[in-house]
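Visitor: Mind looking over this structure? Questions follow.
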Amino acid sequence: MRFLLDTNIIIFMLLGKTESISHEVEDIISDFSNTLCVSSASIIETILLHKTHKIRLGFKVEELTNVIEDQLYLNILHTKDEHLKTYSQLEIIPNHKDQIDHFIISQAISEKMILVSSDRKFKEYSTQKLEFVFNKR
Numbered sequence: 001m002r003f004l005l006d007t008n009i010i011i012f013m014l015l016g017k018t019e020s021i022s023h024e025v026e027d028i029i030s031d032f033s034n035t036l037c038v039s040s041a042s043i044i045e046t047i048l049l050h051k052t053h054k055i056r057l058g059f060k061v062e063e064l065t066n067v068i069e070d071q072l073y074l075n076i077l078h079t080k081d082e083h084l085k086t087y088s089q090l091e092i093i094p095n096h097k098d099q100i101d102h103f104i105i106s107q108a109i110s111e112k113m114i115l116v117s118s119d120r121k122f123k124e125y126s127t128q129k130l131e132f133v134f135n136k137r
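Under full-length UniProt numbering, think of the first position of the sequence shown as 1, with each following residue one higher.
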């Protein structure tokens, strides 16, 4: 199966916060038959969190993509025209203003990938063809 991991899951993995990852999500991550991806938007968000001192990475931020690919064994999902089209058509749910979330959701819908996140609001996009696994911490 193909999964898109949200920024919060990537950060838990990068920081070694395994206690913040549910057993269900851990099973998904550890199943080598699954294809695991991270959005380029999540990489941008992670760099921003590092630059604003909201997280501390244990390596130089410019090494982030190498760590994601070579140590976490994740594929980077880069922006495609179809993602932008889905993003332009996405109906935003009330009280969910995070534009990076909206784009990551659009990528998951476009790619028919299952989105894994700790954000409960994502479930409300299931009516727009989002498949979602909630990381219950």
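Where is the CB? At the ideal position from N, CA and C, for every residue including glycine.
Here the structure is a predicted model, which is why all the values come from computation and not from measurement.
Mind checking which residues open and close the alpha helix (DSSP H) that includes residue 40?
Guide: Mapped onto the sequence shown, residue 40 falls at position 40. Residue 40 -> alpha helix (DSSP H) spans 40-51.
Visitor: By Cβ distance below 8 Å, which residues in the same chain neighbour residue 3 in space, the five residues on each side in sequence not counted?
Guide: Indexing the sequence shown from 1 puts residue 3 at position 3. Only 28, 34, 35, 36, 37, 113, 114, 115, 116 and 133 meet the Cβ criterion.
Visitor: Could you tell me whether the region 87-102 touches the region 61-78, where touching means 3 or more Cβ pairs closer than 8 Å?
Guide: Output reads no: the region 61-78 does not touch the region 87-102.
Visitor: Kindly indicate which residue of 13, 14, 50 and 126 has the alpha-carbon position closest to the one of residue 106.
Guide: By one-based count along the sequence shown, residue 106 stands at place 106. Of the candidates 13, 14, 50 and 126, the one whose C-alpha sits nearest the C-alpha of residue 106 is 126.
Visitor: Could you tell me which residues DSSP pairs with residue 20 in its beta bridges?
Guide: As a working note, residue 20 is residue 20 in the sequence shown. Bridge partners of residue 20: none, in fact.
Visitor: Residue 10: which of 40, 60, 83 and 84 sits nearest, CA to CA?
Guide: One-based indexing of the sequence shown puts residue 10 at position 10. Nearest C-alpha to residue 10: 40.
Visitor: Just to confirm, does residue 17 get its C-beta within under 6 Å of one of the non-hydrogen atoms of the ligand GTP?
Guide: This structure lacks the ligand GTP, and indeed carries no ligand of any kind.
Visitor: Which word fits residue 74, buried or exposed, when buried means at least 16 other C-beta atoms lie within 10 angstroms of its C-beta?
Guide: Locating residue 74 in the sequence shown gives position 74, counting from the first residue. It is buried - the Cβ of residue 74 has at least 16 other Cβ atoms within 10 Å.
Visitor: Taking DSSP's pairing of strands, which residues face residue 115 in a bridge?
Guide: Here residue 115 refers to the residue found at position 115 of the sequence shown. Answer is 4 and 132.
Visitor: Rounded to whole angstroms, how far is the Cβ of residue 61 from the Cβ of residue 47, which I believe are closer than 8 Å?
Guide: Locating residue 61 in the sequence shown gives position 61, where the first residue counts as 1. Locating residue 47 in the sequence shown gives position 47, where the first residue counts as 1. That pair is a contact at about 6 Å.
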